[in-house]
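Numbering (the numbering used here), first residue to last: 320 to 730. Each residue gets a CB set at the ideal place from its N, CA and C atoms; glycine is no exception. In what follows, a single structure is set out as structure tokens and then discussed.
Right, dumping it as structure tokens:
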């Protein structure tokens with residue numbers, strides 16, 4: 320049976336209403352990928368010969384919502400294809416950025432397709448490091464999508480290439496991916512055994528970034544097992560080692576989530592404030608601000624809630640975060656006794672989330688509306704929130720994060 324290239328994109332587009340924001344974003348990605356396939360088969364001269372077709376693709380990309388991070392990534396990919404200095408290695412690196420944006424948005428089957436395409440553009444003979452990175456990312460995205468066979472194949476290929484060329488760091492990163500697979504299947508002891516070994520070997524070889532990735536994954540495993548204090552400690556160890564800005568933002572967000580599970584909302588607020596103030600990515604800053612808005616709502620901080628809501632109202636949020644914005648805005652208005660505004664925004668959340676198939680928001684907003692209709696209305700806490708105190712390392716991490724927040728805002 321003939322396999323259709325980029326089938327996940329075609330299937331996803333078929334499920335969407337034409338000309339919606341999400342539809343335009345996916346269509347743009349598919350068009351760029353198809354152009355790239357043609358260039359790989361026929362050569363870059365095609366871009367100059369079919370300038371009208373390339374112009375049409377660029378116009379489609381320009382129609383993508385400015386708040387969608389893939390817009391800039393796709394524009395850069397088009398620039399790369401049209402450059403006289405075009406080479407497959409640099410283009411594969413750009414594809415990795417596109418795949419990560421899709422992966423971050425939870426579109427794992429699409430991300431897996433893009434990572435697989437990146438591996439095709441940079442086989443081991445072109446750049447084994449990029450090949451290992453692409454195939455490892457393919458393994459991770461396929462795992463999140465529940466495609467265990469594709470995930471296993473991706474990791475196996477990445478491991479083989481890394482071992483063949485003597486890429487020790489790459490080999491360790493692949494092992495972290497395999498540990499994630501064990502964790503996803505509920506085999507936490509096997510995951511922790513692999514990760515503990517990777518941390519030790521990476522540390523002995525002075526591969527701090529690899530050790531940071533493994534520690535962050537250990538923190539995620541601890542979070543999955545409900546060991547939130549351990550997750551905070553491990554996450555902070557990873558934070559101290561990482562030099563990657565995007566990884567730093569992700570670690571801080573995960574630490575904040577663990578603080579919230581422990582009831583330490585002030586510490587969670589500190590972590591989100593750091594990301595909102597210092598992240599290099601506008602989209603990540605908006606996401607942190609959205610989390611701060613929800614915390615302000617829960618803790619009865621009406622002035623802060625209104626400030627965050629005002630900041631986000633005009634932001635070019637992605638469809639996913641726009642849906643959550645309406646949900647949190649409605650919930651906040653309800654807690655502050657603004658019931659008409661609450662109903663208005665929860666209704667917006669239902670419609671917007673349904674349009675973009677963000678089912679969790681649809682369910683939560685509908686439940687909130689039903690509860691309000693039945694006379695059940697949430698109110699913000701009347702009493703002042705008191706942060707719970709933890710002894711030992713959790714408290715030390717909370718103090719360190721608080722100091723990081725003060726430093727960030729002093730600059």
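Between residue i and the rest of its own chain, which residues show a CB-CB distance below 7 Å, the 5 nearest in sequence each way excluded?
i: residue 405; result: 363 and 399
i: residue 456; result: 415, 418 and 434
i: residue 446; result: 408
i: residue 680; result: 642, 643, 646, 668 and 672
i: residue 725; result: none
i: residue 320; result: Any reading at residue 320 must be qualified, since the residue scores a pLDDT of 47, below 50, and its modelled position is unreliable; no value is offered.
i: residue 394; result: 380
i: residue 372; result: none
i: residue 482; result: 490
i: residue 324; result: 356
i: residue 523; result: none
i: residue 664; result: 645, 648, 649 and 652
Determine the closest residue to residue i out of the options, with distance taken between C-alpha atoms.
i: residue 484; options: 569, 519 and 442; result: 442
i: residue 624; options: 633, 634 and 608; result: 608
i: residue 479; options: 498, 448 and 466; result: 448
i: residue 327; options: 395, 431 and 517; result: 431
i: residue 549; options: 573, 369 and 563; result: 573
i: residue 350; options: 556, 361 and 332; result: 332
i: residue 678; options: 640, 714 and 697; result: 640
i: residue 512; options: 524, 635, 358 and 540; result: 540
i: residue 627; options: 659, 611, 707 and 365; result: 611
i: residue 635; options: 323, 330, 502 and 340; result: 340
i: residue 465; options: 324, 494 and 500; result: 500
i: residue 721; options: 676, 674, 665 and 594; result: 594
i: residue 546; options: 567, 519 and 581; result: 581
i: residue 662; options: 377, 452 and 688; result: 688
i: residue 510; options: 729, 521, 496 and 523; result: 496
i: residue 454; options: 491, 503 and 437; result: 437
i: residue 338; options: 383, 390 and 476; result: 383
i: residue 691; options: 707, 650, 711 and 718; result: 650
i: residue 633; options: 685, 426 and 386; result: 386
i: residue 486; options: 460, 622, 529 and 469; result: 529
Starting from residue i and walking both ways along the alpha helix (DSSP H), at which residues does that stretch end?
i: residue 356; result: 340-361
i: residue 697; result: No alpha helix (DSSP H) contains residue 697, which DSSP labels as neither H nor E.
i: residue 412; result: 407-423
i: residue 573; result: 564-580
i: residue 723; result: 712-729
i: residue 399; result: 389-401
i: residue 647; result: 638-654
i: residue 493; result: 487-503
i: residue 627; result: 621-632
i: residue 539; result: 527-543
i: residue 591; result: 584-597
i: residue 384; result: Note, residue 384: premise wrong, no alpha helix (DSSP H); not H, not E.
i: residue 601; result: 601-617
i: residue 522; result: 507-523
i: residue 675; result: Element bounds for residue 675: n/a, residue is neither H nor E.
i: residue 483; result: 467-484
i: residue 561; result: Careful: residue 561 lies outside any alpha helix (DSSP H) and carries neither H nor E.
i: residue 433; result: 427-440
i: residue 330; result: 326-333
i: residue 447; result: 447-463
Can you give me the Cβ contacts of residue i inside the same chain, cut-off strictly under 6 Å, excluding the 5 residues immediately before and after it?
i: residue 440; result: 407, 410 and 411
i: residue 732; result: There is no way to answer for residue 732, as the model of the chain reaches only from 320 to 730.
i: residue 714; result: none
i: residue 537; result: 514 and 553
i: residue 629; result: none
i: residue 334; result: none
i: residue 494; result: 513 and 517
i: residue 591; result: 575, 607, 610 and 611
i: residue 556; result: 534
i: residue 638; result: 340, 341 and 675
i: residue 477; result: 451, 454, 455 and 493
i: residue 578; result: 586 and 587
Counting only beta-carbon separations shorter than 7 Å, does residue i have a partner in chain C?
i: residue 665; result: The question asks about chain C, but that chain is absent: this structure has only one protein chain.
Skipping 5 residues on each side, what residues in its chain have a beta carbon closer than 8 Å to that of residue i?
i: residue 379; result: 343, 346, 347 and 350
i: residue 727; result: 592, 593, 596 and 597
i: residue 729; result: none
i: residue 719; result: 555
i: residue 300; result: Nothing about residue 300 can be read from this structure; the chain reaches only from 320 to 730.
i: residue 471; result: 458 and 500
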